[in-house]
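Note sheet for the following structure.
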Amino acid sequence: MSISVGIDKIGFYTPGLYLDMAELATARGEDPNKYLIGIGQSRQAVIPPTQDTVTMAANAARQILTPAFKADIAMVLFGTESGIDNSKATAVYLAHLLGLSSQTRAIELKQACYGATAGLQLAADYVRVHPAAKVLVIGADVARYGLRTAGEVTQGGGAVAMIVAANPQILALESESAYHTEDVMDFWRPTYRTEALVDGKYSTNVYLDFFKTVWHDYQQQTHRTIADFDAFVFHLPFTKMGRKGLRQILPEAQPEQQETLKAAFEASQEDNRNVGNLYTGSLYLSFLSLLRHGQLAVGNRIGFFSYGSGAEGEFFSGRIQPDFRKGFDDAALTRLLAQRQRVSVAEYETIYRSQLSDDGRDTQLAIGEETASYYLAGRQNQQRQYRQR
Ligand code: CAA
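So the mapping is simple: my numbering equals the position in the sequence shown, first residue as 1, plus 2.
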């Protein structure tokens, strides 16, 4: 009999600042309902210079790591498309900050917003072969398009940290999955740029096409239909995108099940609506949002659609486990989101422009406002200076 492998714990971190989307709309001369309803975003995480992908990942991972867990971690798989070095992996910095054993593999994975899914699937395959091992999988990014661009309303940032293990508390992954890769120029970021280049409308069409393709392949492979699912979660660059994805397949469901799936979608978009795009972490924040706000029961089957521009899509599934509520700290996540401070559009623009420069010079960042456990203090001799309080 094959062992059950999947997501045992999930942690999440986003910095303590946010921008109100109605205010941004007004400042950009748009109707607020375009952002609130048309795009489906209410708030957007604002990332101060003292947080980067490494520190956000460390702040997410610390929520789920006990000393016993740390000792069992065999591998760190860090999915990101906003890494800080073209050579050294963010996972190595992270393993050091978290105090993991040196007998750990630590690797960074890149394929746009798909990186964390690659990590999850590789981790699951590893644990199937080494059932005593635990793997730390990260999806952490800063979603950055540029001031006054069409993509500005779909920015955001944060990190999701997951422990993949045998006999998981939250979700047992099913081994079947359908994936699809094509060389598509819908969204990319050449190494000389800090902001992504994007063909926005085209990217939304490719997303929907890829979803159709992998959903169809998955059904052929498994002989399951929509009737076998209790919820679908989507990569959410903005919440309307997932809503459009769900609408594509809803007619396959009976009217009563359509209502169940729609209610589950509302729960799964709640936290993303208030954080914005996390790129690699977005699908998993959406899953966490479903766990937190949805009406789930043990054994429910959840469908996951992962999409990374460029492009790669995957559809896979998993079943909710009896102890799923023990796998995340609901109260801490509620606090984290509720305690954020609102910044004005002018303040957001200042913060946007004050990211660590790309000229390599020594810099000391103002850390007065920073309250996170792990933060970036600056750069010295071309090296980022990470601190823990
Ligand atoms: N009230 C209500 N709705 C309104 C409205 C109003 N007053 N005004 C406009 N809307 C609606 C529009 O009808 C439209 O809805 P539909 O898409 O349902 O037709 C929606 O608001 C958006 O309006 P526009 O299409 O005019 O918006 P836009 O041209 O300014 O840009 C965007 C939208 C292309 C998504 C842009 O934000 C963008 O480029 N974002 C970044 C790219 C992106 O996220 N792509 C997603 C797929 S790629 C991916 O998933 C990977 C990733 O993470 C990047």
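For glycine and all other residues, C-beta sits at the position ideal for the given N, C-alpha and C.
Would you verify that the beta carbon of residue i is, or is not, closer than 8 Å to some beta carbon of chain B?
i            : result
tyrosine 194 : In the structure shown, chain B does not exist; there is a single protein chain.
Let me know the secondary structure DSSP gives residue i once reduced to three states.
i                 : result
arginine 130      : helix
phenylalanine 306 : strand
valine 137        : strand
methionine 243    : helix
isoleucine 66     : coil
tyrosine 354      : helix
leucine 252       : helix
glutamate 25      : helix
arginine 321      : strand
valine 300        : coil
By Cβ distance, which residues of its chain are closer than 6 Å to residue i, with the 5 residues on each side in sequence left out?
i             : result
serine 6      : Asn169 and Ala174
serine 270    : Val235, Ser288, Ser291 and Leu292
tyrosine 116  : Ser308, Gly310 and Glu314
tyrosine 204  : Asp188
glutamine 387 : Ala379 and Gly380
leucine 298   : Ile322
valine 94     : Ala108
leucine 199   : Trp190
If residue i and residue j are in contact, beta carbons under 8 Å, what's the gap, nearest whole angstrom?
i             : j             : result
lysine 136    : valine 166    : 7 Å
alanine 118   : glycine 81    : 4 Å
glycine 160   : threonine 52  : Contact doesn't hold; Cβ gap of about 14 Å is too wide.
threonine 282 : glutamate 83  : 6 Å
isoleucine 66 : isoleucine 12 : 7 Å
With distances taken Cα to Cα, identify the nearest neighbour of residue i among the options.
i              : options                           : result
threonine 28   : Ser179, Ala348, Leu298 and Ala76  : Ala348
lysine 214     : Ser205, Asp201 and Ile251         : Ile251
glutamine 346  : Ala47, Tyr15 and Arg294           : According to the sequence displayed, residue 346 carries serine and not glutamine. With distances taken between Cα atoms, serine 346 lies closest to Ala47.
aspartate 361  : Phe240, Gly244 and Tyr194         : Tyr194
alanine 178    : Pro324, Ser319, Ile12 and Ala145  : Sequence check: residue 178 is glutamate here, not alanine. For the residues Pro324, Ser319, Ile12 and Ala145, the minimum Cα distance to glutamate 178 belongs to Ser319.
leucine 335    : Ile369, Asn61 and Asp211          : Asn61
glycine 18     : Gln366, Gln384, Ile353 and Gly312 : Ile353
glutamine 171  : Phe326, Ala229 and Gly85          : Phe326
isoleucine 304 : Lys242, Arg226, Ser359 and Leu339 : Arg226
leucine 238    : Asn274, Thr224, Gln259 and Glu197 : Asn274
tyrosine 220   : Pro253, Asp185, Ser103 and Glu176 : Glu176
threonine 183  : Ala134, Ile228 and Ala120         : Ala120
leucine 138    : Arg150, Leu124 and Glu351         : Leu124
glutamine 157  : Ala255, Asp22 and Glu372          : Asp22
Within its chain, find whatever has a CB closer than 8 Å to the CB of residue i; leave out the 5 residues flanking it on each side and keep chain order.
i           : result
leucine 248 : Phe234, Phe236, Leu263, Lys264 and Phe267
Starting from the C-beta of residue i, find all residues in its chain whose C-beta is less than 7 Å away, skip the five residues before and the five after it, and write them out in chain order.
i             : result
glycine 101   : Lys72
lysine 246    : Leu210
tyrosine 376  : Thr57, Ala60, Asn61, Leu99, Tyr388 and Gln390
threonine 416 : Within the shown structure, residues of the chain are numbered from 3 to 391, placing residue 416 beyond reach of any answer.
glycine 202   : Ala152 and Gly153
Quick one: any contact between the segment 34 to 42 and the segment 56 to 71, if contact means 3 or more CB pairs under 8 Å? no
Could you tell me whether the segment 121 to 129 touches the segment 144 to 163, where touching means 3 or more Cβ pairs closer than 8 Å? no
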